[in-house]
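Asks: Right, I'll just put the structure down here and ask away after.
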Amino acid sequence: MRLHRPQANPVRRRDRRGRGIRGPMTPPELPISRSRAQVFDDLVLDAVERLERVWARELANVEFLVEDVPRVPLGVTAEDGIPFSRLEPAKSGQARIVIYRRPVEIRTKDPEEMALLVYDTVVEEVANLLGLEPETVDPEA
Numbered sequence: 001m002r003l004h005r006p007q008a009n010p011v012r013r014r015d016r017r018g019r020g021i022r023g024p025m026t027p028p029e030l031p032i033s034r035s036r037a038q039v040f041d042d043l044v045l046d047a048v049e050r051l052e053r054v055w056a057r058e059l060a061n062v063e064f065l066v067e068d069v070p071r072v073p074l075g076v077t078a079e080d081g082i083p084f085s086r087l088e089p090a091k092s093g094q095a096r097i098v099i100y101r102r103p104v105e106i107r108t109k110d111p112e113e114m115a116l117l118v119y120d121t122v123v124e125e126v127a128n129l130l131g132l133e134p135e136t137v138d139p140e141a
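For the sequence shown, the numbering used here begins at 1 and goes up steadily by one.
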């Protein structure tokens with residue numbers, strides 16, 4: 001299982017009033033210091049690991065990615081809906097499932113609801129990839 005996130009530009013913090021560059025407010029080992037993107041990545045990893053217990057062989061050549069927002073092609077309107085994910089079928093032996101963080105975050109109110117939506121989204125894309133119904137991929141979902 002692989003989870004990739006596109007590399008963003010490093011954050012530059014301003015040095016206002018000559019006091020030096022700001023440092024972290026909390027130690028990195030505390031949960032509060034994790035960004036929303038890192039928490040979302042963990043949710044996707046948890047969902048994939050849960051499915052790999054049953055579908056390990058089928059998911060061996062699947063790459064899971066997290067992107068912030070979908071690239072919407074020209075001509076697509078808001079009425080068409082904003083996708084939570086995208087499936088790129090295997091062209092060279094490796095399929096890709098991309099989960100979009102911001103659409104999922106916007107549609108959920110609390111962490112439990114977000115974890116459920118992430119899991120349902122991953123199950124749906126795996127079902128599409130395998131040509132099965134989502135209930136077959138995970139009967140408990």
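A virtual CB, placed ideally from N, CA and C, is assigned to each residue, including glycine.
Small disclaimer: the values here were computed from a predicted structure and weren't measured.
I'd like to check one pair, I97 with E140: are the Cβ atoms closer than 8 Å?
Replies: Cβ atoms of E140 and I97: not closer than 8 Å.
Asks: In terms of DSSP beta bridges, what is Y119 paired with?
Replies: None; Y119 has no bridge partner.
Asks: In the structure shown, what three-state DSSP assignment does L59 receive?
Replies: Residue state, collapsed to three classes: coil.
Asks: Using C-beta distances below 6 Å, list every residue in its chain close to K91, excluding the 5 sequence neighbours before and after it, in chain order.
Replies: Hits under 6 Å: none found.
Asks: In angstroms with no decimal places, state the Cα-to-Cα distance between P89 and L129.
Replies: Near 7 Å, if we compare the C-alpha coordinates of L129 and P89.
Asks: Which residues bound the beta strand (DSSP E) around E88?
Replies: It spans 85–88 - the beta strand (DSSP E) in which E88 sits, taken as one unbroken run.
Asks: Using a 10 Å radius around the Cβ and a threshold of 16 neighbouring Cβ atoms, would you call P103 buried or exposed?
Replies: With 16 or more Cβ atoms within 10 Å of its Cβ, P103 is classed as buried.
Asks: How big is the Cα-Cα spacing for P86 and E112?
Replies: First, the residue type needs correcting, since residue 86 is Arg and not Pro in the sequence shown. Approximately 22 Å, taken between the alpha carbons.
Asks: Given M114, which residues of its chain have a CB within under 8 Å of its CB, disregarding the five upstream and five downstream residues?
Replies: Excluding sequence neighbours, M114 sits near F40, L43, V104, E105, T108.
Asks: Identify, in the order they occur along the chain, each residue of the same chain with its Cβ nearer than 8 Å to the Cβ of V122, setting aside the five sequence neighbours on each side.
Replies: Once the five neighbours on either side are set aside, the close Cβ partners of V122 are V44, A47, V48, L51, F64, S85, I97, I99.
Asks: Beta strand (DSSP E) containing V69: first to last residue?
Replies: First-last for V69: undefined, no H or E at that position.
Asks: Helix, strand or coil for E53 per DSSP?
Replies: A small correction: the amino acid at residue 53 is Arg; Glu does not occupy that position in the sequence shown. Reduced to three states, the DSSP call for R53 is helix.
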